[in-house]
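Sequence order for the protein chains is A and R.
According to the working numbering, numbering within the first sequence proceeds without interruption in unit steps and concludes at 590.
According to the working numbering, numbering within the second sequence proceeds without interruption in unit steps and concludes at 590.
There are 2 protein chains.
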Amino acid sequence: MHHGIGFIQDLAVVMALAGVVTVLFHRLKQPVVLGYIAAGVIIGPYTPPFQLIHDEQTIQTLGELGVVFLMFSLGLEFSLRKLFKVGATAVVAALSEIVLMLWIGYEIGSAFGWSKMDSLFLGAILAISSTTIIVKALSELGLKRESFAQLVFGILIVEDILAIAMLVLLSGIAQTGELSAGIAFVTLGKLLLFMTVSLVIGILVVPRALNYVAKSQSDEMLLVSVLGFCFAFCLLVVKLDYSIALGAFLIGAIMAESRHLHRIEHLIAPLRDAFSAIFFVTIGLMLNPTVLVDYAWPIAVITIAVILGKIVSCGLGTFLAGKDGRTAMRVGMTVSQIGEFSFIIASLGLTLKVTSAFLYPIAVAVSALTTLFTPYLIRAADPLTRRVGHAMPRTVANVFGMYGQWLGSLRPASGEPTIFSLTRRIILQIAVNLAIVAAIFLGASYGAPYVTLYGSGFIEKWLPSEPMQRVVLWSGALIVSMPFLVAVYRKTKSLALLLAEISVQPAKAGRFTSAIRYAISDLVPVVSMLGVFLLVAALSSTILPPTGLLVAVLLCAALLLTVLWRWCVRIHATMQIALRETFEEQPDP
Amino acid sequence: MHHGIGFIQDLAVVMALAGVVTVLFHRLKQPVVLGYIAAGVIIGPYTPPFQLIHDEQTIQTLGELGVVFLMFSLGLEFSLRKLFKVGATAVVAALSEIVLMLWIGYEIGSAFGWSKMDSLFLGAILAISSTTIIVKALSELGLKRESFAQLVFGILIVEDILAIAMLVLLSGIAQTGELSAGIAFVTLGKLLLFMTVSLVIGILVVPRALNYVAKSQSDEMLLVSVLGFCFAFCLLVVKLDYSIALGAFLIGAIMAESRHLHRIEHLIAPLRDAFSAIFFVTIGLMLNPTVLVDYAWPIAVITIAVILGKIVSCGLGTFLAGKDGRTAMRVGMTVSQIGEFSFIIASLGLTLKVTSAFLYPIAVAVSALTTLFTPYLIRAADPLTRRVGHAMPRTVANVFGMYGQWLGSLRPASGEPTIFSLTRRIILQIAVNLAIVAAIFLGASYGAPYVTLYGSGFIEKWLPSEPMQRVVLWSGALIVSMPFLVAVYRKTKSLALLLAEISVQPAKAGRFTSAIRYAISDLVPVVSMLGVFLLVAALSSTILPPTGLLVAVLLCAALLLTVLWRWCVRIHATMQIALRETFEEQPDP
């Protein structure tokens, strides 16, 4: 009971001060996040009168829990369903924002003569807007239900995914020192693979498990199970060298498909609020106010660049994707700030020891300033649109109007099926199944050293020869992935059939039409499966058996497959239906 | 992001295992708490295959947060109002349970040849029943609304207070090695003083502040403010050398008087559930299963002693306080286990290094066993009562019946005012005001060294002479306590008047009746104030000015008082009304 006084004192100082500033900033009608950061600065080691925190390490650890809960909550609000709805517009706007801001950030850094790595991280820091700030600002202004707000949330979802990709890429660049296209491709491919597979398996398993737990009506059980899944998944992700933020976000997105989403959100909210307060305080703790004075000039430049850059890039992206000027202006002015992701990226740079110390306080200062302006900018969007509309020369306005009409004419009448929409579904299914197959073989290769390491005595006794160990591992992976391989084969066949129907027209092929069509639909899947085999062999090269044994294994597998074909089809269909059910289920109110 | 992997791994292991056992134990219809402890044993260092926790210290710290939230929640459920309702019966039952179990525990310890301190701590460990287990068991059996359950909750509240007194006393005994009546008296007096003053000031300040915060409708703000108050108060309590459990419980009890009680309970519940799970896991972590085998014999004896002892002591207490035999049996069988408080007391013994290492695992084992039996015992209460009723000889039954009738005849007809009920209120008010005055002077004495220490340069410049420093401090305390001193004077006067009316009857005093009455009502307050002065002087002896200066200060104060008398009366009345308002306000549904 008595040994934790220092810790309790730290927590008391943090929470009491946080409590005071939250009330104060609410009265001043400023975002509470700013208050937390200010509280951190007051508590921190750089400001007099004395050091108020004894054990900064423990508070930092609690702040890290804040990141987990914050990202988990973002994941819960993320929804694949919502993403499909806003779709293309959000992707275009988010991409144009991120690319432009990355470039602006990098150029500003270079202009100030900072190192390449500092400039790159500055670009990444400026690229992503703050979901927390935007959601708070919009709900405080009562605009959360407006259609432009829905679009903004879509953009934020796309940004979240791209931000995670950026986190991974930045870690890679920081470790290798440069970004080769090959490495970027492999890194992003692995990330995509990991995300796809965890989403598919997660959505199959987790919501079902939570439904079972939730039956008891006990909030405690549900909460502890949710936290159990959350931290276990985070651990897996961290073990795979991804950031804990990614893990928390993904498991949140998985749980977003649960029927009990609203109960989970309710239970997690207090944990998120308490620990994210600590997280934002720890940001202030790291902030040295003298750095802000020393770097007042870059801070001012970057703040203006963020506000103008985001309005232009995101607004333009929205407009180019076919929204009207008013919506575009509103969207641009809403996203014109940086926030929690910027801190995460900045602290990534610090922990990897590739960025200079001044970058972090600059990020915090810019975030604070842009956050301050956010509510005023959102409110100023409509008047500004009107003024711009009045001031704009008639010819320019006409060009903009014609662009909108031209875009509208491009769109197919709704309901009319295109080749694209027909094939898209099949291609998506093939991709997902391929991803699972790839993940199974990658997992087997990744796990191989552990198996031989931990079970060494046991395995060496029964399987002394190294090639035989490989045979067992590789055939195991093959058997597990069989239902998915069968599915890939069958989907490829139907895709080939479909394409053959379209491309081989009777007018040209004459009486050979159906023969050619069948030839294509038989040949394409076989060739594809050969490609799949080469891919799998490349991915699992570390556990691939020697050629002779490999052929034996493949022959056995082929034999097994003739027996198990129907079972494979059935098990895959069951999984697919289960996935679709979970996916289409609406959460309980 | 990357430095906390060990910590995340620990948390993942703890929460994932907790999640699994919570579901498992729910299926087995056993209390989840047992599952958490079992999970702790599995994770812990004493069981193979390998150590699953890297940084036990951090998990222990989080478990300590669990104690804070657990005690805070208990405090929230504690209510002075509820306590007054069940009143006497609960006090009698709880006292008889605690005294008997303390004695039984001490005797068992002595019989096994354990040291005095071990035996004493064993007694304390067995004395208090587990609120968590009882609330869960009763709500799972659907008996929460029955009248005996209300009585049980009353007993638990009284036990909580007595447990806290016991914690304080045990710390004292552990440090001095023995319990002298004088030290016990002073310790309990100080505790009572501290609790009274914090409750009064807390109930005046905290619910009002929370009402202000709650106006914003923001759950985040309310939660952070609640946590701010909670940890700040815990810090104060820890600084005064009380346990953090006491602090969390008291601030919870203070917030229980807030109008927003239910919102606060709702917000705290997830924090409590998450961290109390960790707390119970840490209990398992400390449990060495081999100790259980070595001490199987004491564990069995103590388990039987707890169950039989509590049924007899608490049941008998309930019966003696005037309830029927069936209720008494139900109450006795409901409270027949030990729980969280026992762990807190056991770990107190360990951290103070006065108990042997085996006491803690024994406490955990006995708690686990008695917790297991609780639901069955509650269900067995009614059948057992019937069987006992049948088996009881007629004469014994008659004696019990007559006892009930005799008790009933003792009670005054309701509504009839007695001297006791008339004076009780005034005496209570005098006591509370005296407590506040005492706390102000004690606080000034306690704070004096800090003032001279921190402000040393400043104070020495303006007040070089030590006696003048005392004068300033002491007169400051006097001025602050003036409204309460005036209140004490006025209440004493009306008490004296009341007593004079009753004791000086015209039949005896004849024509001097009113003169004597007035003399008493004038004299008693003056004599009392002299007593108050002596008390205050004794409490503030370290800052009491030398006699000459003291007389001067008192004269000045008297002069000031003539001017401020009306103001003092008014400010005190305002505070009293504010207190009563908060107290009588019902929480929002």
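Idealized CB from N, CA, C, for every residue including glycine.
Remark: C-beta atoms of A:Ile156 and A:Pro32 do not approach each other more closely than 7 Å. A straight line joining the alpha-carbon of A:Tyr107 with that of R:Val15 spans about 43 Å. With respect to chain A, the C-beta atom of R:Phe8 has a partner C-beta closer than 7 Å.
Classified as exposed, R:Lys509 has fewer than 16 neighbouring CB atoms from the shown chains inside 10 Å of its CB. Taking C-beta atoms as the reference points, R:Asn289 and R:Pro362 count as a pair closer than 7 Å. The three-state reading of DSSP puts R:Pro208 in helix, counting H, G and I together. When secondary structure is reduced to three states using DSSP, A:Tyr47 falls in the coil class, being assigned neither helix nor strand. DSSP places R:Glu582 inside the alpha helix (DSSP H), whose first and last residues are Thr548 to Glu585. The beta carbon of R:Ile184 is closer than 8 Å to those of Gly173 and Thr177 in its chain, skipping five residues each way along the sequence. Not a single C-beta of chain R is nearer than 7 Å to the C-beta of A:Phe374.
Rounded to whole angstroms, A:Met196 and A:Phe186 show a C-alpha spacing of 15 Å. A:Glu78 is the residue among A:Glu78, A:Pro546, A:Gly285 and A:Ile308 whose C-alpha sits nearest the C-alpha of A:Ala270.
Within the segment 256 to 289 of chain R, the residues whose Cβ lies closer than 9 Å to any Cβ of chain A are, in chain order, His267, Leu268, Ile269, Ala270, Pro271, Leu272, Arg273, Asp274, Ala275, Ser277 and Ala278. Taking the Cβ atoms as the reference, A:Ile126 lies roughly 5 Å from A:Ala364, within the contact range of under 8 Å. Counted as a single uninterrupted DSSP element, the alpha helix (DSSP H) harbouring A:Arg491 occupies residues Glu467 to Ser504. Annotation for R:Gln58: the continuous alpha helix (DSSP H) segment containing it runs Glu57 to Glu78. At a cut-off of 7 Å between beta carbons, R:Phe232 contacts chain A. Between the segment 340 to 352 of chain R and the segment 399 to 410 of chain R there are fewer than three C-beta pairs closer than 8 Å, too few to call the two in contact.
Residues of the segment 505 to 524 of chain A with a Cβ closer than 7 Å to any Cβ of chain R: none. In the displayed model, A:Phe359 falls within coil according to three-state DSSP, outside both helix and strand. The Cβ neighbour count for A:Val24, taken over all protein chains shown within 10 Å, is at least 16; the residue is labelled buried. The Cβ atoms of A:Ser529 and A:Thr493 sit closer than 7 Å to each other. Taking 8 Å as the upper bound on Cβ-Cβ separation, chain A lies near no residue of the segment 552 to 573 of chain R. Judged by DSSP secondary structure, A:Phe344 falls within the alpha helix (DSSP H) whose first and last residues are Glu341 to Thr352. By the 16-neighbour rule on beta-carbons within 10 angstroms, A:Ile503 is exposed. Inter-segment contact for the segment 470 to 486 of chain R and the segment 555 to 567 of chain R is present: three or more beta-carbon pairs are separated by less than 8 Å. The contact set of A:Val214 on chain R, defined by CB atoms closer than 7 Å, consists of Val24 in chain order. Around the beta carbon of A:Met469, fewer than 16 other beta carbons lie within 10 angstroms, which makes this residue exposed. Taking 7 Å as the cut-off, the Cβ atoms of A:Phe113 and A:Pro299 count as close. Distance from A:Ile44 to A:Val198 at the Cβ level is roughly 43 Å; contact not present, criterion being Cβ atoms closer than 8 Å. Contact between the segment 133 to 150 of chain R and the segment 343 to 358 of chain R is not established, with fewer than three Cβ pairs separated by less than 8 Å. At least one C-beta of chain R is nearer than 7 Å to the C-beta of A:Ala17.
Cβ contact annotation for R:Val282 (same chain, cutoff 8 Å, sequence separation greater than five): Val15, Leu18, Ala19, Tyr37, Ile38, Ala40, Gly41, Ile44, Ile60 and Gly64, in chain order. What R:Leu224 touches in chain A, judged by beta-carbon distance under 8 Å, is Pro271, Asp274 and Ala275, going in chain order. Taking a 10 Å sphere around the C-beta of A:Ala150, we find 16 or more other C-beta atoms and assign the residue as buried.
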